[in-house]
Structures are given as structure tokens and as C-alpha cells.
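Everything below concerns the one structure shown next.
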Amino acid sequence: MGYILSKLATNTRVVPIADETGLNKNNCSSRRNISESTLSRTQTAGFSEEVNKAHRIIVQIAESNESQSALFEESYPPHTILENASSNPEIEKNPEDITLVWLSENRHETNLSNLRISLREINNYIKIFDDESECLSYLTNIDKEQIFIIIDGSAINHRIVSRINDIFSVDSIFLFNRKTNTETAALYADLKHDFNKVTYFADFEKMSVVIKEDIKQLVKQSVGFSLFDEREKSTMDLTRDAATFLWFQMLFKVLKNQFQSDRLRREMIVTCRRVYAGNCNELANIDGYHRDEKKTLNAIHWYTKECFLYRLVNKALRTEDIDSLCTFSPFIVDLCSQLTAEHERRVQSDTSASNSIMILYRGQQISQTEIDKMRQNKGKLISTNGFFSTTTAEMIATTFAKQRRNVSSDIVAVIFEIRAQSNLNAVIFADIRHVSAMGPGEEEVLFSIGAVFRIDDVVYDNNRSLWTILMTATDEGYENVLPFIEATAQNREETSDNVFFGRLLNDMGRYQQAETYCKKLLQTMPKNHPDRAGVYHNLGRAQGNKGELNEATDSFTQALEIRRSLDMNHPDVARTLNSLGIIHGEKGEYGKAMRMFEKALEIQSKNNPHNNKEDNMISKKNLLLNMAMSHSNIGWAHSLCGTYDKAYSAHDEALKIRKDLLKVEDHPLFADYHSAMGGIAHAKGLYDNARAEHTKALLMRQRILPPAHPSIANSYQSLGEIEHENGKYEKALDYYEEARHIRTQTLGVQHLSMAAIYKSIGSVHLDSGAYDKALVFYERALSICQKNLSSSHPAIGDCYHLIGTVYERQMSIKNIVCICVKIITLQ
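Quick note on numbering: the UniProt record's numbering labels position 128 of the sequence shown as 128, and the sequence is numbered without any gaps.
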């Protein structure tokens with residue numbers, strides 16, 4: 001059986017890691033499969049018969065894929081198939097921030113049509129369940145919305161309330177029962193006492209009013225923040241928060257430049273009508289906006305009105321949903337433009353206002369974790385992920401901060417106190433009380449997208465029982481973004497914001513967003529647009545990183561043809577050849593990869609300023625750094641082929657160029673060199689050398705990068721692999737846990753790199769004999785891969801193979817067959 005699993009996994013490869021090109025390349029360490037196993041000869045005869053039976057089944061399946069499902073069902077019951085939470089049917093997308101759920105045991109006693117109408121008057125997006133298990137499955141799979149759930153009297157019990165109360169995305173639980181007695185009243189009182197999210201109502205109308213108000217308050221607090229660390233120097237070095245900071249700085253320019261047309265405005269209205277089909281109130285609002293839009297620029301009025309636009313736009317900004325942002329770009333640009341006009345009008349009409357300082361307030365509730373993060377980052381810059389509403393009236397802000405019921409012990413009341421000088425250039429804000437749909441009463445001042453503040457202090461006010469966060473609006477954010485872009489320009493061909501935005505999405509690891517953005521961009525661009533080659537290049541990167549290697553080949557080929565038609569020997573041609581080479585390497589076509597890299601180097605050599613005395617627009621430094629990248633890629637290709645001495649030479653040549661140009665002792669590219677050297681030594685079994693090189697890379701990264709930077713996690717993982725293969729399991733786990741902690745903190749729990757660390761941790765447990773623990777981590781890795789990669793990506797097959805190995809060690813033949821079926825379907 002070990003042989004069978006090995007053969008089925010032949011075409012799988014390790015999840016690739018990113019290099020400085022932004023595409024993915026396999027780590028040349030190619031860790032030996034220390035988890036490979038074979039069955040003992042001392043197995044019982046009965047177990048051997050099971051093995052033979054399983055082998056016959058698998059052979060039959062492999063010979064006739066068409067009969068897989070039927071054959072499997074005849075052999076073993078369906079519930080033995082390994083599944084995970086993310087493999088449920090895709091949940092319908094909610095375009096708003098709030099989902100209202102109704103749970104009842106007696107759907108047949110309910111007039112569903114009337115119930116839907118009543119619930120949609122409270123909240124547009126609703127879900128109705130009469131099965132606890134289905135409801136719980138739905139709730140646990142929601143991660144981008146907040147959930148309000150109403151449990152009808154027939155379904156109320158301590159067990160279900162306890163389970164729902166523990167689900168992070170559930171904001172509030174409403175127990176509803178018109179008919180109560182002494183026993184049920186006591187139960188509801190106990191539930192309200194035991195669980196802080198619970199409220200009880202006997203009157204549906206009163207409950208509706210409370211839920212509407214809670215939803216209104218929660219939606220208004222949905223703006224997020226991103227921190228900026230000035231130690232990071234290029235987009236490839238950005239942590240999640242810092243990259244998001246840059247992302248929002250560029251968003252408005254990209255939407256304004258490329259996603260404005262009458263066609264897009266019509267599509268936006270069509271989308272809104274589809275979302276709110278059957279919701280008479282919102283359909284009337286959509287018609288009103290459509291009529292008003294044609295007459296005058298009145299975006300501020302419609303944004304501040306309690307209707308669809310505020311909710312849809314805020315959700316799109318908060319989740320950074322590229323598809324939705326492109327859809328709503330006409331309105332977003334109108335709103336930004338009107339805020340800019342109001343800001344300039346105030347400054348120009350009142351000379352005293354040009355240097356005046358406004359004191360503004362914002363009241364809301366945030367988690368204690370966010371408070372702690374801000375306290376740790378006093379003096380740092382922070383950027384809003386959306387439009388940011390404030391008021392000149394401190395009392396209004398205080399009331400707002402304490403208005404919502406405290407539904408979680410981790411949630412605290414906060415007042416933001418902001419000093420904002422009117423003559424700032426990059427931070428746009430406007431007093432909107434005269435144009436707001438809410439009227440002058442709230443004394444509202446609205447900041448535009450990407451406003452930047454410096455955190456001055458975070459203090460607790462004992463008298464008011466709330467936190468005060470003191471901030472100052474500043475232009476420093478924009479000023480700090482410029483060096484980012486300039487530094488990144490050393491290693492990129494993009495000259496336009498449109499193309500650079502796609503590059504940024506790829507660098508952030510948001511491959512699906514990058515693909516969506518590039519495809520939308522290609523739809524709006526003329527066929528002869530000068531940016532099309534760059535967009536195809538970014539599209540290829542996104543597809544390659546998702547494991548869609550054939551699609552990536554097509555996109556890079558499109559980019560290559562456009563660039564070659566303009567100039568066969570242009571440096572951009574070399575960049576695309578390098579990217580195509582990496583795709584060929586990922587496909588196992590090492591010869592093609594090597595030829596691509598060598599051709600790229602040949603073109604770069606022709607453009608070398610030492611060989612070309614003509615004046616050109618490509619800087620010597622930029623060109624030589626790209627040549628170094630080609631040498632590094634050639635080194636990677638030699639590592640794949642097992643020609644390690646040539647790999648050493650190529651990486652040494654890349655290092656020599658970089659050291660001559662960069663003139664510093666420590667640099668991220670130098671750390672990458674030591675990491676590559678460690679990978680080669682590891683592949684050769686020279687563990688002491690590998691440990692020394694990876695340690696050099698780790699120490700250098702710790703000196704020059706933020707303490708929780710993903711590159712530091714990469715070093716920890718590499719060191720963990722060395723200790724693992726030397727049988728030092730506890731030390732390996734320590735390194736892996738360091739890597740896991742950093743990636744969770746900076747990249748998020750669903751980032752693709754988390755799958756690699758979970759597989760590594762699982763393999764230590766597997767080799768230690770802790771099979772149940774190994775299975776848990778392998779299943780986590782599989783879940784992440786399935787969410788991030790195409791179904792045919794080799795990394796998914798690798799996860800199934802590892803899970804199958806656990807079942808093999810446990811002698812669970814039924815589960816082994818299930819896994820083999822899944823592996824075969826990937827072939």
C-alpha cells in the first residue's frame with residue numbers, strides 16, 4: 001500500500017515558495033520524504049486480505065475513472081470519505097456586512113413567504129434553517145460577515161445556544177417565543193445570564209426595532225485600519241498591514257483612471273437591482289439614486305443616507321473585494337471627488353481655515369486586541385481602510401461609543417480624538433453637515449479613502465470607562481509611499497499605476513484578486529493600450545501562483561508576443577522569459593526552463609550599459625539587478641536538475657552583482673542567497689552546512705526586517721526541516737511553531753504559506769507516532785490549499801498523499817481507499 005500511495009503521488013510537488021521575481025519557485029532543498037512507509041511483513045493474514053482487496057479496488061478505479069463513484073459506494077459507505085469544513089457547497093455570497101439567520105424546528109408550521117418578507121424588512125440578506133446541523137455548518141463557514149441569529153422557541157435549548165455563542169462571527173443571539181410559561185421563562189433567564197450574546201423577546205416588532213438599531217450601529221463601525229512600518233523597503237518585503245496601507249493609497253487613482261464609463265454605471269445599477277430583488281424599499285432607493293445621479297454630483301448625500309450604497313461600498317472596501325470595488329467604482333470615485341471639492345472649497349473660501357486645526361471625534365467599539373496593537377505601535381502611522389466618519393461634537397461620539405450592547409467581553413468602548421490641519425495635501429476630509437442626508441445634527445466630518453494618522457497616545461479614561469486614542473492626521477503616509485514605489489521600481493517594469501496595482505496584489509499573495517483585477521482591466525483596455533503586456537504578465541503570475549500552470553503559460557505567452565512585437569531585445573522581454581521559465585520548471589520541464597533563463601540573460605547582456613554605449617532609459621542598476629535575477633533562476637534550475645555545483649556558481653554570480661551594486665553589509669537579497677545555499681546543502685545531505693547557511697539568513701533577516709516578517713518565518717521553517725530530518729523532533733517543532741506564529745500574525749491563518757507549515761508540523765507528529773495529531777495538521781493544510789489553489793494543483797495531491805500515509809500507519813484500509821480515489825481524480 002505504501003507503494004500504491006507513492007505511485008499515485010508521483011506527480012505531486014511541494015508547495016512552492018516565492019522568490020524576488022514574485023512568481024513561485026520550489027525550494028531547492030527538496031526535502032527527502034521521511035514520511036514514506038511500507039507495510040510490515042508481520043501484518044495479520046486478515047489485514048493482508050484487506051490490503052489485497054483495497055489494491056484490487058484501486059487498480060479498477062485507475063483503469064476506469066468513469067466508474068469511480070459507483071465502485072466506491074459499493075465498497076465502503078460514503079461517510080468514510082475525508083471531507084473538511086470548506087468542502088461544503090459554496091455559500092451564496094452576501095454583498096453586505098450583516099447576515100440575519102432564523103433557526104426553527106418547525107418550518108412546516110411557518111408561513112415562509114411572510115417570514116422572509118418580515119426578516120428582509122430587518123436586514124436584506126437572510127438565511128432560514130430548520131436543521132441544527134445545517135445551521136451550525138453555515139455559521140462556522142462565515143468569516144467575512146457578522147451574524148445576527150434569531151432562534152425560534154421550538155429550537156431553543158442550552159446546548160445549541162452554547163455552541164452558537166462560541167462562534168466568532170456571531171454577534172448577537174435573539175431568543176424569540178410569543179408563548180412562555182414558568183419553565184421556559186426560567187430557561188431564557190438562565191441563557192441570558194450564562195451567555196453574553198443572548199437577548200430574549202416575546203414581541204416580534206420590538207425585537208425587529210432592536211435588531212435594526214444594532215445592525216445600524218455595527219455597520220457604521222466596520223472601518224478597519226492598517227499599520228505602516230518604515231523599515232520595509234519594497235512590496236516584496238511588505239507585511240499584510242503595510243501592503244494594505246499601500247493598497248489603499250493607490251486604490252482611488254486606479255479606479256479613477258481605468259474604471260469610469262457609462263457602461264460601468266449601468267452595470268452598477270443592474271447589480272444593485274439584482275442584489276435587492278424583492279426588497280421594495282431598497283429598489284425604490286436604487287431608482288431614486290439612478291434618477292439623481294443623472295442630474296448632479298450628490299454622492300455624499302447618498303452615502304450618508306440609510307440605504308444600499310453605504311452598506312455595499314463599505315463591505316467592498318472592508319474586504320478589499322476587487323470585483324465589487326470595480327463594480328462600485330463610479331460611485332466611489334464620485335464620492336472621493338465630491339469630498340475633494342468640498343475640502344478645497346472650504347480652504348479657498350476661508351483663508352483662516354487653511355492653517356486651522358480641527359479637533360474631531362469618533363466613537364465606536366473595538367476589540368481589546370486592537371487596543372493592545374495600537375498601544376504597541378504608538379508613534380507609528382495608521383491608515384483607514386475606507387471612508388472614515390467623525391464628528392466635531394465629543395458628546396455625540398461618546399454616546400455612539402457606548403450605544404451598542406456589550407456582546408463580548410473582549411469588546412471595549414473607544415473614542416478617537418483626532419487633530420486635523422486643514423492644509424494637508426494627501427489627507428482629504430470635509431465638513432458635510434450641509435449636504436448629509438442625516439442633516440446638521442450629527443456635525444459630521446468625513447475623511448476620504450486612505451486617510452493617514454499618527455498614533456500619539458492610547459489611554460484609558462476611568463471617569464468615562466472607555467479608551468481614548470489620540471491621533472494626528474498627517475501627509476507622512478503619502479510621503480512614505482513614494483520611497484516604496486521608487487525602491488520597487490528597481491525590480492519592476494511597471495510604469496503605470498494600473499499595472500503596478502496588479503503587481504501589488506500578487507506581492508500580497510492575493511492571487512484570485514489579482515486574476516480578477518487583471519481580467520477586468522483587459523476588458524476595459526483598448527487592444528493597442530501600452531499596458532496590456534504588463535497586465536498579461538501580472539495575470540500569468542496570479543495564475544501560476546494558483547497552480548493554473550497552462551493558463552499562466554498562455555498569459556505569459558501573450559505578454560511575450562506583445563513585447564517582442566515592439567522590441568525583440570527589450571529588457572521587459574527578458575523579464576517575461578524569466579517568468580515563463582519558472583512556469584516550465586514548476587511543470588517539470590527543466591530543459592525548457594533553463595533555455596528561457598539563459599535567453600533572458602542573453603537579452604540582458606545585450607542591454608548591459610557596459611556593452612551598449614547608446615543612451616537608454618533603463619538604468620544600469622535596474623538592468624544589472626535583473627541580470628542577477630536571471631543568474632539566480634539559472635541556479636534554481638540547476639538545483640532542480642541535481643547539478644548542484646553549477647547551481648552554486650550561478651547563485652554566486654548573482655550575489656557578486658548584487659553586492660557590487662547595493663554596497664551594504666545586510667540586504668534581503670543577500671539573506672535570500674544564504675537561504676538558497678542552505679537549500680542546496682540540504683538537498684545534498686550536508687546538514688551542518690545547511691544549518692549554518694540558514695542561520696546566517698535568519699540572523700540577517702532579524703537585523704534588517706520587522707520582527708514578525710514572513711521571510712524570518714521562512715528561515716525558521718528551513719531550520720525546522722533540518723532538525724526534523726536529523727530526528728530532533730522537539731527542536732524541529734520549536735522552529736515550526738516560531739514560523740507558524742509569525743505567519744499567523746502577519747499573513748493570516750488562511751494564507752497559502754500556512755499550509756506548508758502545517759504539513760511540516762504534521763510530518764513531525766507522523767514520524768513521532770502521534771498519528772491523530774498529524775492528521776489534524778494535514779487536514780488544516782488541505783483546507784487552506786483547497787481555498788487558495790485550483791483543484792488540480794499538485795499541492796492538494798501532496799496533502800492527500802500525506803493523509804493517506806497516516807491512514808496507512810493506522811492500518812485504516814477503508815480510509816486509504818478514499819484517499820486514493822481522491823488522488824486519482826487529480827491525475
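Ideal placement from N, C-alpha and C gives every residue a C-beta, glycine not left out.
Helix, strand or coil at residue i according to DSSP, with G and I counted as helix
i: Ile472; result: It should be pointed out that residue 472 corresponds to Thr in this sequence rather than to Ile. Here Thr472 sits in strand by DSSP.
i: Phe204; result: helix
i: Ile455; result: strand
i: residue 829; result: Only positions 1 to 827 of the chain appear in this structure, which leaves residue 829 out of reach.
i: Glu738; result: helix
i: Tyr125; result: coil
i: Gln810; result: coil
i: Ile164; result: helix
i: Gly386; result: coil
i: Thr746; result: helix
i: Ala393; result: coil
i: Thr643; result: coil
i: Val427; result: coil
i: Asp531; result: coil
i: Phe556; result: helix
i: Phe195; result: coil
i: Ala54; result: Note that Ala54 scores a pLDDT of 48, beneath 50, so its modelled location is shaky; the value from the coordinates is reported in the next line. Three-state result, Ala54: helix.
i: Asp287; result: helix
i: Ile173; result: strand
i: Ser226; result: strand
Residue range of the unbroken beta strand (DSSP E) whose run includes residue i
i: Glu444; result: Glu444 to Phe447
i: Val414; result: Ile411 to Gln421
i: Arg362; result: Ile357 to Ser367
i: Val101; result: Ile98 to Leu103
i: Gln146; result: Gln146 to Asp152
Chain C within 8 Å of residue i, Cβ atoms only
i: Ile583; result: The chain inventory of the structure shown lacks chain C, comprising one protein chain alone.
Inter-residue spacing [alpha-carbon to alpha-carbon] between residue i and residue j
i: His537; j: Lys587; result: 18 Å
i: Ala713; j: Lys663; result: 26 Å
i: Ser367; j: Glu293; result: 38 Å
i: His765; j: Ala795; result: 20 Å
i: Pro16; j: Leu623; result: Because Pro16 sits at a pLDDT of 34, beneath the cut-off of 50, its placement in the model cannot be relied upon, and the point is left open.
i: Ala45; j: Ser162; result: Low per-residue confidence applies at Ala45: pLDDT is 40, beneath 50, and the placement is therefore not dependable enough to give any value.
i: Glu476; j: Gln221; result: 25 Å
i: Asp615; j: Ala600; result: Low per-residue confidence applies at Asp615: pLDDT is 46, beneath 50, and the placement is therefore not dependable enough to give any value.
i: Leu719; j: Ser675; result: 10 Å
i: Met596; j: Glu808; result: 42 Å
i: Arg266; j: Ser792; result: 37 Å
i: Asn545; j: Tyr511; result: 7 Å
i: Cys135; j: Leu115; result: 17 Å
i: Asn633; j: Pro707; result: 28 Å
i: Phe225; j: His741; result: 21 Å
i: Ser812; j: Asn141; result: 29 Å
i: Val223; j: Glu320; result: 11 Å
i: Tyr289; j: Thr271; result: 14 Å
i: Thr369; j: Trp467; result: 13 Å
i: Met525; j: Ile286; result: 29 Å
i: Gly762; j: Thr184; result: 47 Å
i: Tyr460; j: Gln376; result: 15 Å
Endpoints, the alpha helix (DSSP H) within which residue i is located
i: Asp321; result: Per DSSP, Asp321 belongs to no alpha helix (DSSP H) and is neither H nor E.
i: Val275; result: Asp262 to Val275
i: Val776; result: Tyr771 to Asn788
i: Asp497; result: Asp497 to Asp507
i: Ser329; result: Ser329 to Ser349
For residue j and residue i, believed in contact at Cβ under 8 Å, the rounded distance
i: Gly540; j: Ala559; result: 7 Å
i: Leu246; j: Leu521; result: Not a contact, Cβ separation roughly 18 Å.
i: Ile583; j: Leu549; result: 6 Å
message = Check whether the segment 694-710 and the segment 654-673 touch, using three or more Cβ-Cβ pairs below 8 Å as the test.
response = Segments in contact, yes.
The segment 750-759 in contact with the segment 783-790 per 3-pair CB rule at 8 Å = Yes: the two stretches touch, three or more of their Cβ pairs being nearer than 8 Å.
query = At a cut of 8 Å, does the segment 437-454 reach the segment 300-308 through at least three beta carbon pairs?
reply = The segment 437-454, when compared against the segment 300-308, does touch it at the 8 Å Cβ threshold.
request  = Spell out a yes or no on whether the segment 686-696 and the segment 729-743 are touching, meaning 3 or more CB-CB pairs, one atom from each, closer than 8 Å.
outcome  = The segment 686-696 makes no contact with the segment 729-743; the number of CB pairs closer than 8 Å stays below 3.
ask   = Should the segment 309-324 be regarded as contacting the segment 338-346, the criterion being three or more beta carbon pairs within less than 8 Å?
value = Not touching, per the Cβ criterion.
request  = Report yes or no: do the segment 147-161 and the segment 175-185 share at least 3 C-beta pairs separated by less than 8 Å?
outcome  = Touching, yes.
inquiry  = Using a Cβ distance threshold of 8 Å, determine whether the segment 412-423 contacts the segment 249-256, with at least three qualifying pairs required.
reply    = Flag = no, the segment 412-423 and the segment 249-256 do not touch.
inquiry  = Across the segment 118-126 and the segment 200-218, are there enough close Cβ pairs to call them in contact, namely three or more that are closer than 8 Å?
reply    = Counting Cβ pairs under 8 Å, three or more are found: they touch.
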